[in-house]
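Working notes for the structure below.
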Amino acid sequence: MIGVFDSGVGGLTVVREIFKKLPDYKIIYFGDTARTPYGTKSKETIIKYAREDAKFLLDHGAKIIVIACNTASAVAADILRKESGVPVFEVIMPAVRAALSATKKGKIGVIGTRATVSSGVYETMIKKDNQGIQVISQPCPLLVPLVEEAWLNQPETKKIVRKYLQPLKNQQIDTLILGCTHYPVLKNIIKSRIGKKVVLVDSAEEVVRELKEFLAKNSGVEKSLGKDGSHKFYVSDLTPQVPKIAEKLLGRVVKMEKVEVG
Ligand code: DGL
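Sequential numbering of the sequence shown, starting at 335, is according to my numbering.
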């Protein structure tokens with residue numbers, strides 16, 4: 335099974351990509367809806383939650399872990415790699431690699447939650463071997479709740495997106511990393527506000543592209559995953575809103591079960 339976890343339902347944008355690119359694989363998803371959002375929490379808390387989320391997936395037979403959450407990827411990926419004993423994929427590095435190959439002017443914008451932006455992880459990883467690249471980061475804390483309320487096309491959403499993107503526009507970025515699970519569903523608005531020429535890097539697309547390449551090269555792991563197309567979705571709190579948001583993000587209705595984790 336491919337195990338995917340997120341702070342909530344936003345990580346279903348990664349599952350949507352797995353459905354597209356690796357449709358037959360068994361998937362187990364855990365969304366920590368009882369403790370969401372992670373983006374406003376401390377590093378210590380996010381690490382604790384990420385460990386518990388990964389344990390749940392491993393206990394249920396996951397042979398690969400995909401951290402769909404940018405916030406958890408930013409602060410807990412290295413720890414989970416050391417501790418979990420299975421390949422761990424996270425969403426930061428695939429997006430960094432895609433942005434580095436897309437940028438022509440060496441001006442990359444990053445948008446994400448407060449925790450992701452203040453971790454500085456995108457900037458650090460982009461600049462590691464590329465000191466000359468300019469990274470302009472912008473936390474966009476209002477976007478997650480707007481997506482969760484399904485305010486995808488409201489004028490207020492467009493205004494807020496415009497306001498958040500203005501500093502990046504002023505700096506004339508040519509590449510923008512969508513560094514949060516929820517942002518791919520706002521891609522069209524973001525595109526029209528930042529400008530059509532700016533390349534948008536969708537971390538969900540990039541991580542699944544790399545996962546697919548990895549599976550093509552690692553037949554032992556690939557075989558261990560199982561390919562009967564079954565999918566299981568678990569959440570730590572099941573409010574009436576959860577399946578509604580899930581349907582929006584995933585483009586289909588799925589059965590969700592509530593579990594205690596941690
Ligand atoms: N999943 C989070 C992320 O990608 C967004 C929601 C949250 O803050 O928990 O950063």
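All C-beta atoms in this analysis are idealised placements derived from N, C-alpha and C, irrespective of residue type, glycine included.
Note that the structure is a prediction, hence the values are computed from the model and not measured.
Decide if residue i is buried, meaning its Cβ has at least 16 other Cβ atoms within 10 Å, or exposed.
| i | result |
| --- | --- |
| Pro428 | buried |
| Lys397 | buried |
| Pro479 | exposed |
| Leu550 | The sequence given here has Ala at residue 550, not Leu. It counts as exposed. |
| Pro574 | exposed |
| Glu483 | exposed |
| Asn404 | buried |
| Glu378 | exposed |
| Pro489 | exposed |
| Thr509 | buried |
| Thr458 | exposed |
| Lys521 | exposed |
| Leu592 | The sequence shown places Lys at residue 592, rather than the Leu named in the question. When all chains shown are included, Lys592 counts as exposed. |
| Lys375 | buried |
| Glu547 | exposed |
| Arg586 | exposed |
Let me know the secondary structure DSSP gives residue i once reduced to three states.
| i | result |
| --- | --- |
| Thr374 | coil |
| Pro473 | strand |
| Asp358 | coil |
| Glu594 | coil |
| Val349 | helix |
| Lys389 | helix |
| Leu486 | coil |
| Gln468 | strand |
| Leu572 | coil |
| Lys462 | coil |
Report yes if the CB atom of residue i is closer than 8 angstroms to the CB atom of residue j, and no otherwise.
| i | j | result |
| --- | --- | --- |
| Leu502 | Gln472 | yes |
| Leu391 | Ile426 | no |
| Leu559 | Ser537 | no |
| Val595 | Phe567 | no |
| Asp571 | Ala368 | yes |
| Val535 | Val481 | no |
| Lys360 | Ser553 | no |
| Ala411 | Tyr372 | no |
| Thr347 | Thr515 | yes |
| Ile470 | Leu434 | no |
| Ala449 | Ala384 | no |
| Ile445 | Cys474 | yes |
| Asp358 | Lys561 | yes |
| Val420 | Ile579 | no |
Excluding the 5 residues flanking residue i on each side, which residues of the same chain have their C-beta closer than 6 angstroms to its C-beta?
| i | result |
| --- | --- |
| Val422 | Ile399, Leu414, Arg415 |
| Arg527 | Val495, Arg496, Leu499 |
| Gly598 | Nothing can be reported for residue 598: it is not among the residues displayed for the chain, which extend from 335 to 596. |
Excluding the five sequence neighbours on either side, which residues of its own chain have a C-beta within less than 7 angstroms of the C-beta of residue i, listed in chain order?
| i | result |
| --- | --- |
| Asp387 | Phe339, Phe364, Asp366, Val595 |
Excluding five sequence neighbours on each side, which residues of the same chain lie with their C-beta closer than 8 angstroms to the C-beta of residue i?
| i | result |
| --- | --- |
| Lys525 | Val532, Leu534 |
Inter-stretch contact (C-beta, 8 angstroms, three-pair minimum) for the stretch 537 to 556 and the stretch 348 to 359: Three or more Cβ pairs drawn from the stretch 537 to 556 and the stretch 348 to 359 lie within less than 8 angstroms of each other, which places the two stretches in contact.
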